[in-house]
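Below: one structure, written as structure tokens.
2 protein chains.
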Amino acid sequence: MKHIAESTVRRLSDYLRFLEELEQQGTRTVSSGELAALGGTTSAQVRKDLSFFGSFGKRGLGYSVAALSKSLREILGLERQWRVAIVGAGKIGGALARYSGFHQRGFHVVHLFDAAGALVGTVIDGVTVKDERTLEATLAAEPVDIVLIAVPSDAAQAVVDRVVKTGVRAILNFAPVPVHVPSTVSLRSVNMALELEFLAYALVNHTR
Amino acid sequence: MKHIAESTVRRLSDYLRFLEELEQQGTRTVSSGELAALGGTTSAQVRKDLSFFGSFGKRGLGYSVAALSKSLREILGLERQWRVAIVGAGKIGGALARYSGFHQRGFHVVHLFDAAGALVGTVIDGVTVKDERTLEATLAAEPVDIVLIAVPSDAAQAVVDRVVKTGVRAILNFAPVPVHVPSTVSLRSVNMALELEFLAYALVNHTR
DNA sequence: TTTATCTTGTGAAATCGTTCACAAGCCTGC
DNA sequence: GCAGGCTTGTGAACGATTTCACAAGATAAA
Numbered sequence: 022m023k024h025i026a027e028s029t030v031r032r033l034s035d036y037l038r039f040l041e042e043l044e045q046q047g048t049r050t051v052s053s054g055e056l057a058a059l060g061g062t063t064s065a066q067v068r069k070d071l072s073f074f075g076s077f078g079k080r081g082l083g084y085s086v087a088a089l090s091k092s093l094r095e096i097l098g099l100e101r102q103w104r105v106a107i108v109g110a111g112k113i114g115g116a117l118a119r120y121s122g123f124h125q126r127g128f129h130v131v132h133l134f135d136a137a138g139a140l141v142g143t144v145i146d147g148v149t150v151k152d153e154r155t156l157e158a159t160l161a162a163e164p165v166d167i168v169l170i171a172v173p174s175d176a177a178q179a180v181v182d183r184v185v186k187t188g189v190r191a192i193l194n195f196a197p198v199p200v201h202v203p204s205t206v207s208l209r210s211v212n213m214a215l216e217l218e219f220l221a222y223a224l225v226n227h228t229r
Numbered sequence: 022m023k024h025i026a027e028s029t030v031r032r033l034s035d036y037l038r039f040l041e042e043l044e045q046q047g048t049r050t051v052s053s054g055e056l057a058a059l060g061g062t063t064s065a066q067v068r069k070d071l072s073f074f075g076s077f078g079k080r081g082l083g084y085s086v087a088a089l090s091k092s093l094r095e096i097l098g099l100e101r102q103w104r105v106a107i108v109g110a111g112k113i114g115g116a117l118a119r120y121s122g123f124h125q126r127g128f129h130v131v132h133l134f135d136a137a138g139a140l141v142g143t144v145i146d147g148v149t150v151k152d153e154r155t156l157e158a159t160l161a162a163e164p165v166d167i168v169l170i171a172v173p174s175d176a177a178q179a180v181v182d183r184v185v186k187t188g189v190r191a192i193l194n195f196a197p198v199p200v201h202v203p204s205t206v207s208l209r210s211v212n213m214a215l216e217l218e219f220l221a222y223a224l225v226n227h228t229r
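Listed in order, the protein sequences are those of chains B and E.
Here my numbering is used: the first sequence runs in plain steps of one and ends on residue 229.
Here my numbering is used: the second sequence runs in plain steps of one and ends on residue 229.
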């Protein structure tokens, strides 16, 4: 399959969320225009996004809410459960461990690591915090699919390197610093300070 | 000034971080190639990004670390302090309030709101949680520049609408649902579940 | 002063993503 | 079964962003 734009995949996630809402409301079919309105995009965009993966609609009718949900879940890999580890159980890591939104989508936190002795052994949301030094051994014994990095900036790259060495293929970085991974590893970064800076820029330049 | 791409502004934030690191290390000048290596981009990209705002380098030499830092801080609006309010003092909101990264960059949390009676009156990181019903009155008396939304999905749009009505011009949304604002308001969204879904997609499609 | 080397700044080209516009398909009502 | 009204799927046009490629400016050394 040819390469799909990141923006497309993001929008698919949005569409899925809308479809699930519609499903709950008992709506049976939906048009590209309706999905577009919910997501703040255009009907052409919706159709183009979906067209990369196949034909899901019926001309004149729209899309079956149930069928399209199912297809999107398959495409996005949400039909299986994903095992997640979090490194760093401080403010951010702790909040992530307790965040229920992950669990609802099939992402299960199975390991929590921290370097601070004080936290090791405490239980957060049912998971016991392990010593960060056991990272390699723990991941070897009980592997995970995705690792979340929630350590301080200056430790981030080193932790990422260790995680990559264990063979993990997907990393979500919350440290406010860009980290580098081999091209075989998928990396996403969430940088809240960066988002604030973008808003500051927008305010200063009253761009719209 | 013509429109600057969002991606450009994001990279400028990254460059600034690198420059500050270099400054601490005592480095005086840096080339576009060196900045590019740090940020995982190309030297042409760095030069093009900067060229939108002026000429900052010396041919043959590179950029003065100190001078470029200063220019970037001006461009990004980081020379002044920004007043921030957080709506929702639960897991996410609480973690955001305690997150020190904001403060370091000149973003100061001056109000914290929550709808749950149990939290109102408690103090988080020096800020007393106020009743969400006082949002309008509080923001009228002591305005802020930016509001962070950390309420549950189903309350997000309503809170955003109220915040917009008070005249706030920049909103950072952490609720895992797209919200809509008038075009006069700058909006950014951080959706952690979405990032995980993107990684799941990448794993399933072993795209690189 | 001249030469060799380095690096910027920037038009032009290439690539990537979005929007347009319309033929083709499906449904309903008559 | 046909007409009318919708809506999809998709090439083509467009617009935006990134990469290329090179002239021109700066430094240092001879």
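Ideal placement from N, C-alpha and C gives every residue a C-beta, glycine not left out.
Counting other Cβ atoms within 10 Å of its Cβ, A57 of chain B reaches 16 or more and is therefore classed as buried.
Take S53 of chain B, set aside five residues on each side of it, and the residues of its chain with a beta-carbon closer than 6 Å to its own are S64, V67, R68, in chain order. By the Cβ neighbour-count rule, S90 of chain B is buried, with 16 or more other Cβ atoms within 10 Å of its own.
Of the residues E:S85, E:G60, E:R31, the one whose Cα lies closest to the Cα of T50 of chain E is E:S85. Within the region 142–176 of chain B, the runs of alpha helix (DSSP H) that reach at least 4 residues and sit entirely inside it are, in chain order, 156–162. For H129 of chain B, the three-state secondary structure derived from DSSP is strand. Contacts with chain E at 8 Å (Cβ-Cβ) do not include I145 of chain B. Proximity of the region 206–226 of chain B to the region 208–219 of chain E meets the contact definition, three or more beta-carbon pairs being nearer than 8 Å.
The three-state secondary structure of V225 of chain B, taken from DSSP, is helix. Here K79 of chain E carries a strand assignment [DSSP, helix/strand/coil]. Within 10 angstroms of the beta-carbon of R154 of chain B lie fewer than 16 other beta-carbons, which makes it exposed.
Taking a C-beta distance under 8 Å as the contact criterion, V189 of chain B and V172 of chain B do not qualify as a contact pair. Secondary structure at F134 of chain B: strand, using DSSP grouped into helix, strand and coil.
DSSP places R68 of chain B inside the alpha helix (DSSP H), whose first and last residues are 64–72.
A179 of chain E places its beta carbon 8 Å or farther from that of L140 of chain E.
Going by beta carbons, D35 of chain B and P197 of chain E fall outside the 8 Å limit. A distance below 8 Å separates the beta carbons of L59 of chain E and F39 of chain E. A Cβ-Cβ separation of about 6 Å places G115 of chain B in contact with I145 of chain B under the 8 Å criterion.
Chain-order list of chain B residues neighbouring I167 of chain E: L217, L220, by C-beta distance under 7 Å. The Cβ atoms of V108 of chain B and A118 of chain B do not sit closer than 8 Å to each other.
Within chain B, no C-beta atom comes less than 8 Å from the C-beta of D70 of chain E; the nearest is roughly 13 Å away. Note on H24 of chain B: under 16 other CB atoms within 10 angstroms of its CB, so exposed under the neighbour-count rule. The three-state secondary structure of R38 of chain B, taken from DSSP, is helix. Under the three-state reduction of DSSP, T205 of chain E is assigned to coil, being neither helix nor strand. Listed by position along chain E, the residues whose Cβ is nearer than 8 Å to that of G122 of chain B are P197, M213, A214. L82 of chain E is outside the set of residues whose beta carbon lies under 8 Å from a beta carbon in chain B. Where R94 of chain B is concerned, the enclosing alpha helix (DSSP H) starts and stops at 86–97.
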